[in-house]
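Protein chains in written order, with the working numbering: chain A, 1 to 117; chain B, 1001 to 1287.
Take a look at the structure below.
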């Protein structure tokens, strides 16, 4: 068989094999990441953990500091979003209650008193 | 040889192609980043994440969630958790997290070990199916995070609704020459006699103070903790929220060890001849 043909076939097979290895078997891993880069399910669980902790210590400042690590400005909105997602996924009521309580408190205390109507 | 020469070209092509394909997959078009896992966080955030797991456990007591979350960090065995709790206390970190870590350490140690424990929650969760695999514990590269102090609850602040009360039920000198160096030994129990891990203690003396926490030596009791004291110094022990204080603790002087041990001379210890320095043992009941 023509040696150039064999070289070409080998190269094509190698490219396919190399790409498969690089994408599936040993894909690039990311290290030294920050919480705002967490996968959605871990972000949601992070928010739940903050809500769980808040349900016991009622330290809204701490909760806000921890939530701010997720890189979102609207903290109450973020917690509410997670509460809704958990409701849709059928999570236990107590989880949703904790999230809702935190979202409500964040919304209440982060809003400056408005001028009298 | 000549017969195999054409196939050599195929092998060369394969190697060349593999390198090109790998370069494409790793450099030019890497797999889409679908988000980070907690294990890939920077040490300071990883530490914060772990403390959050402990705080959430301390708040809810939900062991299933805590185990699922901890399973993401296979290096976090009971010993590592216990040592982390110590680090948090020593660094003046959040109390509830230290308590949670100590409690988790005790609870996980009490579990019957098996090669791997599949953790499945009763309700569907989006966290990937987690497995706790028993691996040799390794050093954990985390940093104990410090959150802004402006918003942090002061250490030992009294919150009547959540903080239990500790009552000193016994205080005795321990004249055992085998306990070297002398210690302040503390056992915290519930009314029904169960050891309570994760209770914060603080010793203060002229010119210094240090924190420690129960549950670090679960082989003795989940509610046990001790602190090494130096002869001649006067210590004050504070437990929990700071309302229960034992003052004027100095290492007691015990008579010759031979009397204590019924005529046997200790092989080790300070009492191998004359009087020696003893320890204190105090038992508290949590109410």
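Think of the CB as a built atom: it goes at the ideal place given N, C-alpha and C, for glycine as much as any other residue.
It should be emphasised that the depicted structure is a prediction, and the values quoted were computed from it without experimental measurement.
Can you confirm whether residue 25 of chain A, when its beta carbon is compared against all beta carbons of chain B, has any partner nearer than 7 angstroms? no
Contact set between the stretch 70-102 of chain A and chain B, restricted to residues whose Cβ is under 7 angstroms from the partner: 89, 90, 91, 92
Environment of residue 1022 of chain B [buried if 16+ CB atoms lie within 10 Å]: buried
Please classify residue 1229 of chain B as buried or exposed, where buried requires at least 16 neighbouring CB atoms within 10 angstroms. buried
What does the alpha-carbon distance come out to for the pair residue 1047 of chain B and residue 1004 of chain B? 58 angstroms
Where residue 1018 of chain B meets chain A, residues with beta-carbon distance less than 7 angstroms: 14, 17, 18
Strictly by DSSP, which residues pair up with residue 1283 of chain B? B/1170, B/1187
Among A/45, A/57, A/65, A/66, whose alpha-carbon lies nearest the alpha-carbon of residue 81 of chain A? A/45
Is residue 1241 of chain B close to chain A, meaning its C-beta is less than 7 angstroms from at least one C-beta of that chain? no
Residues of chain B with CB closer than 9 angstroms to the CB of residue 34 of chain A, please, in chain order. 1036, 1041, 1042, 1045
Look at residue 1072 of chain B and residue 1105 of chain B and say whether their C-beta atoms are less than 7 angstroms apart. no
Return helix, strand or coil for residue 1294 of chain B, following the three-state DSSP convention. No answer is possible for residue 1294 of chain B: the residues shown for chain B start at 1001 and end at 1287.
Counting along the chain, where does the alpha helix (DSSP H) carrying residue 1049 of chain B start and finish? 1043-1060
Helix, strand or coil at residue 1202 of chain B [DSSP, three-state]: strand
Would you say residue 83 of chain A and residue 67 of chain A are within 7 angstroms of each other, going by their C-beta atoms? no
Below 8 angstroms on the Cβ atoms is my contact criterion, and I expect residue 1013 of chain B with residue 11 of chain A to pass it. Report the Cβ-Cβ distance as a whole number of Å. 4 angstroms
Between residue 1049 of chain B and the rest of its own chain, which residues show a CB-CB distance below 7 angstroms, the 5 nearest in sequence each way excluded? 1038, 1041
Just how far apart, CA to CA, sit residue 1233 of chain B and residue 1205 of chain B? 7 angstroms
Can you pull the chain A residues whose beta carbon is under 7 angstroms from the beta carbon of residue 1060 of chain B, in chain order? 52
Under 7 angstroms between C-beta atoms of residue 96 of chain A and residue 86 of chain A: yes
Residue 1241 of chain B in three-state terms, based on DSSP: coil
Within 10 Å of its beta-carbon, does residue 1094 of chain B have 16 or more other beta-carbons around it, so buried, or fewer, so exposed? buried
CB contact below 7 angstroms: residue 30 of chain A versus chain B: yes
Return the Cβ separation of residue 1184 of chain B and residue 1227 of chain B in integer angstroms, given the expectation that the two are a contact with Cβ distance under 8 angstroms. 5 angstroms
Roughly how many angstroms lie between the CA atoms of residue 1052 of chain B and residue 56 of chain A, to the nearest whole one? 13 angstroms
Simplified DSSP assignment, three categories, for residue 30 of chain A: coil
Would residue 1220 of chain B be called buried (16 or more neighbouring beta carbons within 10 Å of its own) or exposed? exposed
Does any residue of chain B have a CB that is nearer than 7 angstroms to the CB of residue 56 of chain A? yes
Own chain residues within Cβ distance below 7 angstroms of residue 4 of chain A, not counting five before or after: none
With a cut-off of 8 angstroms, do at least 3 Cβ pairs link the stretch 1207-1218 of chain B to the stretch 1163-1176 of chain B? no
Could you list which residues in chain D have their beta carbon closer than 9 angstroms to that of residue 1280 of chain B, in chain order? Here chain D cannot be found, since the structure's protein chains are A and B.
Interface flag, residue 108 of chain A vs chain B, CB-CB below 7 angstroms: no
Find the residues of chain A that neighbour residue 1013 of chain B, judging by a C-beta separation of less than 9 angstroms, and give them in chain order. 6, 7, 8, 9, 10, 11, 12, 13, 14
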